[in-house]
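All residue numbers for the sequence shown refer to the working numbering, where the first residue is 216 and numbers rise by one. Beta carbons are placed, not taken as given, at the ideal position from N, Cα and C, and that holds for glycine. Written out below as structure tokens is the structure these notes cover.
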Amino acid sequence: MGVDDSGVASSGKLAASGTASKSGSGTVGAASGAPSGGKLAASGALLILDSTDDKGRRKPVMQTSAACVLAAIGFACLTVWGTYIVFSPALPLLSFEPMEIAILCLIVSRVVMDACLAFCSRFPDFVFRRMRPLVLPGSLFLFAPAFLLAGASWAGLVPEGWRMPCAIAVWVLLGAGELSLSLVWTVLFSMMAPKWTAMSIAVGGALATPLFLLVAGAGSPLMGLFGLAFIVISCMVLASVLVSRVDPDTLEAMEGFQRDPSITLKAAASIAANGMAYGFVVVMLALSGVGAVLIASAAGIVGSGVAIFWATKRTKSRWDMSGMQRLTVPIVAASILFIPYFGHAGRIVCGAIAVGAFAYATLMEWTDLVVSNAEFQLYPVKRYAMGRLAQWTGFALGVVVAFFAFRAGDVAIEGLGELSCVIAIIVVAAFSLYGADDSETEDALLSLMTASAECPPSIDPPKNASPFRDRCRAIAEQFDLSPREAEVFTCLAKGRNAEYIQQKLFISSNTAKTHITHIYRKMGINSQQRLIDLVDREEQPPVREERDTCDA
216 MGVDDSGVAS SGKLAASGTA SKSGSGTVGA ASGAPSGGKL AASGALLILD STDDKGRRKP
276 VMQTSAACVL AAIGFACLTV WGTYIVFSPA LPLLSFEPME IAILCLIVSR VVMDACLAFC
336 SRFPDFVFRR MRPLVLPGSL FLFAPAFLLA GASWAGLVPE GWRMPCAIAV WVLLGAGELS
396 LSLVWTVLFS MMAPKWTAMS IAVGGALATP LFLLVAGAGS PLMGLFGLAF IVISCMVLAS
456 VLVSRVDPDT LEAMEGFQRD PSITLKAAAS IAANGMAYGF VVVMLALSGV GAVLIASAAG
516 IVGSGVAIFW ATKRTKSRWD MSGMQRLTVP IVAASILFIP YFGHAGRIVC GAIAVGAFAY
576 ATLMEWTDLV VSNAEFQLYP VKRYAMGRLA QWTGFALGVV VAFFAFRAGD VAIEGLGELS
636 CVIAIIVVAA FSLYGADDSE TEDALLSLMT ASAECPPSID PPKNASPFRD RCRAIAEQFD
696 LSPREAEVFT CLAKGRNAEY IQQKLFISSN TAKTHITHIY RKMGINSQQR LIDLVDREEQ
756 PPVREERDTC DA
């Protein structure tokens with residue numbers, strides 16, 4: 216049973232119950248069926264998600280400050296869970312089995328998740344409409360067997376002959392359950408105001424590092440499992456609560472968002488190459504022991520710190536995904552190249568450097584994905600599924616390669632050096648092929664968003680002058696501009712440039728320029744002056760201009 220159906224009374228039900236109680240008797244709570252103190256407390260706590268704007272209208276739940284805070288906490292829990300899974304062969308959730316079996320379970324879970332992602336990309340609406348039950352109780356039922364098996368194995372309750380088949384079976388379920396939890400957070404962040412998205416994700420990533428070190432470095436396996444279970448359940452509950460508070464009309468509208476473009480072949484190749492490098496480094500660290508995992512994971516705080524710094528400067532800089540990849544790809548490639556030429560301690564240092572770069576890249580990729588979804592009204596389900604499918608396919612390949620290189624047989628240092636060179640070359644070559652160039656995706660997006668602009672409609676100005684904001688709204692409606700494009704249009708009509716729009720609307724430089732391009736193509740114009748002239752085609756100037764988003 217989901218949290219929204221049983222454990223939490225909605226604000227509307229709370230108000231109705233309170234009214235009935237007061238009218239039935241002189242004492243609050245005297246009427247039968249009045250909510251208990253626990254339900255009142257829970258409902259009161261959720262009232263922080265209800266907020267109104269300056270005009271008294273209820274804000275979308277994911278655009279409230281309380282939801283941003285809860286989303287940062289939820290993302291931290293999600294990151295801890297994702298990091299724990301990839302390092303699980305060295306951690307209590309899976310280390311009760313020999314390393315060979317643990318690696319096999321990890322690979323099986325990634326293969327199952329790839330199958331689920333392929334299904335999700337093929338039938339996105341089917342998955343989207345069932346998000347709430349997939350999170351709770353779906354994820355809980357799929358994750359619980361892995362925790363129960365690990366706890367029972369550490370307690371000596373599982374016969375040795377049963378552990379391997381049981382471990383493979385429960386990790387099949389875990390691979391299927393991981394999709395639903397990460398997908399719902401993608402959808403939730405895609406509803407958040409871009410002003411806060413980057414900071415919420417970056418702060419969540421920073422919080423994840425100490426939480427991971429706490430549960431992964433716990434004194435006993437059972438204590439660590441209890442801590443991890445608490446974090447995972449918290450992630451589920453937060454996701455379920457936020458989804459339950461989202462207006463159904465918002466979810467219905469999201470189904471009508473643009474379905475393409477999702478991901479280009481070149482971008483998929485680059486993502487898969489980075490996933491392979493990550494799998495290679497992860498297995499090397501896992502085979503080095505828990506200490507190596509903890510040391511390398513601590514480097515994630517560096518990547519999170521860089522992401523936080525970028526989030527504070529996002530609207531004032533031109534730093535974007537291409538800049539991120541130009542920074543991280545050389546670091547990852549160099550770290551892998553140097554691995555064969557160091558001993559145990561040196562390999563851990565190389566792994567830690569790579570993990571720090573991967574942490575930063577992951578936070579940037581999450582931000583870019585969900586902000587693009589929000590800004591350009593892109594359907595998040597298929598885009599998420601296609602990107603993660605490429606990532607986890609590459610990761611599984613990297614895990615297999617690393618296992619045979621570091622564990623299954625004695626590999627000479629020359630052979631390991633050649634292998635590291637090959638992986639580094641693949642990463643660099645994939646980046647060179649892709650070049651962080653989204654021109655194909657951008658062209659496809661522009662063709663979708665400007666499909667109706669081949670024959671732009673003519674504007675017949677009203678006989679009587681109208682206020683500036685009304686004129687902008689009328690033109691935006693006639694040219695079918697999206698709500699965000701309408702805001703950018705108003706700024707352009709006031710003579711603002713892209714840099715001003717970037718800072719005023721809290722969007723990146725590339726996003727601002729893309730919006731401007733969309734507007735020009737939809738309207739069939741090629742300059743800002745023509746746009747201003749179109750707005751000024753009124754018989755009389757406005758007497759008084761209302762304040763709007765772009766007033767200085």
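Relative to the Cα of G494, the nearest Cα in the group V642, S368, L396 belongs to V642.
The beta carbon of L634 lies closer than 6 Å to those of A620 in the same chain, with the five residues before and after it left out. The beta carbons of T412 and V276 sit no closer together than 9 Å.
Measuring C-alpha to C-alpha distances from Q717 to each of K410, A611, W581 identifies K410 as the nearest. Taking each of A317, R337, P313 in turn and checking the Cα distance to A600, the smallest one comes out for R337. R603 has no beta-bridge partner at all, per DSSP.
In the three-state reduction of the DSSP assignment, R752 falls in the coil class. For the pair A382 and A501, the CB atoms are not nearer than the 9 Å cut-off. DSSP places R325 in the helix class (H, G or I) of the three-state scheme. When the beta-carbon positions are compared, T298 and A417 stay at least 9 Å from each other. Measuring C-alpha to C-alpha distances from F618 to each of M491, R684, K737 identifies M491 as the nearest. The three-state reading of DSSP puts L593 in strand, counting E and B together. In chain order, M277, Q278, A282, C283, A286, S415, V585, A589 place their CB closer than 8 Å to the CB of M407, counting only its own chain and leaving out the 5 sequence neighbours on each side. Assigned with DSSP and collapsed to three states, R345 falls in coil, not helix or strand.
Burial state of H559 is exposed, judged by a 10 Å Cβ sphere holding fewer than 16 other Cβ atoms. By DSSP's assignment, Q473 forms a beta bridge with L593. N725 has its alpha-carbon roughly 37 Å from the corresponding atom of V498. From the listed residues N712, V615, V505, D340, the smallest Cα separation to V323 is found for V615. Proximity of the region 393-400 to the region 420-433 falls short of the contact definition, fewer than three beta-carbon pairs being nearer than 8 Å.
Three or more Cβ pairs closer than 8 Å define a contact, and the region 679-693 falls short of that threshold against the region 505-524. Taken through DSSP and simplified to helix, strand or coil, R273 comes out as strand. In the DSSP annotation of this structure, the continuous segment of the alpha helix (DSSP H) that includes T298 starts and ends at 280-301. Counting the other CB atoms within 10 Å of its CB gives V637 a total below 16, which places it among the exposed residues. As the crow flies, the alpha-carbon of L403 is around 23 Å from that of A330. CA-CA distance, F311 to L552, rounds to 32 Å. For R711, the secondary structure class from DSSP, reduced to helix, strand or coil, is coil. In the three-state DSSP reduction, N741 falls in the coil class, being neither helix nor strand. Pairwise C-beta distances place the region 591-608 out of contact with the region 435-447, as fewer than three of them are shorter than 8 Å. Non-local C-beta neighbours of Y735 in its own chain, meaning closer than 7 Å and more than five positions away in sequence, comprise N741, ordered along the chain. Straight-line spacing of the CA atoms in I563 and V517 works out to 16 Å. Pairwise C-beta distances place the region 742-751 in contact with the region 706-717, as three or more of them are shorter than 8 Å. In the structure shown, T705 falls within a helical segment according to DSSP collapsed to helix, strand and coil. Inter-residue distance for V295 and T729 is about 34 Å (C-alpha atoms, whole angstroms). Here DSSP, grouped into helix, strand and coil, assigns E315 to helix. About 12 Å separates the beta carbon of G419 from that of A574, a gap too long to meet the 8 Å contact definition.
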